[in-house]
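Asks:
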Amino acid sequence: MNRDKRGSQGISLRSEWKKKLFILFISIMGAKPIDIFESEGKVSLLIEKEDFYRIKRAGLHKLKLISRRVGKEIEIVVFSQDLEECAKNLFRPAKVNNIEREQRGEKELLKVYVPPWEKGKALGRKSYKLHRARAFLKRYFNIDNVRIV
């Protein structure tokens, strides 16, 4: 999907907490997140590749500072226009062997193939990475479901 076509599909700042995190991240890191996914103990920020390099130069200690302020672990995920690359980034550090896009009736399914010993890494604790991938891929690539195979 073209970045320009995202428009209102970008970051949704419905909650006051997300607005504060967004502003805090921009002011400390100097990079603007595209989107935020929040779970119980973690927050994932979807960012552009150029902004990722800016964050690396700024130092990971600043990321830890934000993490302490919000009281949740913060993960950075690099966005890509390419579905396969974006999906691989969402499941890092697990090794993704292959990705297949499948049409089932009206729904789009994405099958992510990982080695059996990497499935735990790909899922994350309480399937956090799987839920995050489903949310981001639905918003930006119109994928209805993601399965780890």
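Numbered per our numbering, the sequence shown spans residues 16 to 164.
Every residue, glycine too, gets a C-beta built ideally from N, C-alpha and C.
Cutting at 8 Å between CB atoms, please list the residues of its own chain near LYS64, excluding the five before and the five after it.
Replies: Once the five neighbours on either side are set aside, the close Cβ partners of LYS64 are VAL93, PHE94, SER95.
Asks: Would you report the Cα separation of GLY135 and LYS34, rounded to the nearest angstrom?
Replies: About 32 Å.
Asks: Would you check if the distance between the CB atom of GLU88 and the CB atom of ALA109 is smaller than 7 Å?
Replies: Their beta carbons are not under 7 Å apart, which means GLU88 does not touch ALA109 by this criterion.
Asks: Quick one: what's got a C-beta closer than 6 Å to SER30's C-beta in the same chain, skipping five residues either side?
Replies: Within the same chain, SER30 has no close Cβ partners at all.
Asks: What does a CB cutoff of less than 8 Å around ILE114 pick up in its chain, not counting 5 residues either side in sequence?
Replies: LEU98, GLU99, ALA102, LYS103, LEU125, LYS126, VAL127, TYR128, listed in sequence order.
Asks: Tell me which residues share the same chain as GLU123 and place their Cβ nearer than 7 Å to its Cβ, disregarding the 5 neighbours each side in the sequence.
Replies: If we look at GLU123 and ignore the five residues flanking it on each side, its Cβ neighbours are ARG116, ASN157, ILE158, ASP159.
Asks: So, using beta-carbon positions, are LEU60 and PRO48 closer together than 7 Å?
Replies: Contact: yes.
Asks: Take the Cβ of LEU152 as the centre, count every other Cβ of all protein chains shown within 10 Å, and call the residue buried at 16 or more, exposed below.
Replies: Classification for LEU152: buried.
Asks: I'd like to check one pair, PHE52 with ARG154: are the Cβ atoms closer than 7 Å?
Replies: It is not a contact, given that the beta carbons lie outside the stated cut-off.
Asks: What's the gap between the Cα of ARG162 and the Cα of PHE67?
Replies: For ARG162 and PHE67, the distance between alpha carbons rounds to 27 Å.
Asks: Report the three-state DSSP secondary structure of PHE52 (helix, strand or coil).
Replies: PHE52: strand per DSSP, three-state reduction.
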